[in-house]
Amino acid sequence: MSGARIEIARRGDGGAKALAFDVVVREGTSETRHRVTISHELAQRLGGGASDPERCLDAAFRFLLDREPKEQILARFDVSVIALYFPEFERELSKYLG
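Quick note: the sequence shown, position 91, residue 1467 per the working numbering, numbers continuous.
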């Protein structure tokens, strides 16, 4: 990930079981925008028990950016689908949480 900046803004509650966020990835003069949800349970599990979903999303986007250009990241998705594309996601995420 060469110099990309990730900005995360909580959109409020995405429902009883999920949180919703707007994520902007800026690199140079270009940017992409994403609407992302994550369940409370997944954020807890991925964050090692820490209740900071923004931190999990930042790590998830850094993980994705190491594997594909920002333009290939889905515009709308739930964090749980990342493992469908990248089976190593949950195992590798701890490297990005540090």
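For each residue, glycine too, the CB sits at the ideal point set by N, CA and C.
Just so we're clear, the structure is a prediction, and the values are computed from it rather than from any experiment.
Straight-line Cα distance separating residue 1421 from residue 1394: Within the sequence shown, the letter at position 18 stands for residue 1394. Within the sequence shown, the letter at position 45 stands for residue 1421. Looking at the two C-alpha atoms, the distance is approximately 14 Å.
Residue 1435 versus residue 1405: straight-line alpha-carbon distance, rounded: Walking along the sequence shown from the start, residue 1435 turns up at place 59. Walking along the sequence shown from the start, residue 1405 turns up at place 29. Roughly 22 Å separates the two Cα atoms.
Rounded separation between residue 1455 and residue 1414 - CA only: Against the sequence shown, residue 1455 aligns to sequence position 79. Against the sequence shown, residue 1414 aligns to sequence position 38. Looking at the two C-alpha atoms, the distance is approximately 5 Å.
Closest residue to residue 1407 among 1461, 1470, 1444, 1380 (Cα-Cα distance): Sequence index remark: in the sequence shown, residue 1407 carries index 31 (1-based). For residue 1407, the nearest C-alpha among the options comes from 1380.
Residue 1377 to residue 1440 span [Cα, whole Å]: Taking the first residue of the sequence shown as 1, we reach residue 1377 at position 1. Taking the first residue of the sequence shown as 1, we reach residue 1440 at position 64. Residue placement at residue 1377 is poorly supported in this model, since its pLDDT is 45, which falls under 50; the coordinates still yield a value, given next. In a straight line, the C-alpha of residue 1377 is about 9 Å away from that of residue 1440.
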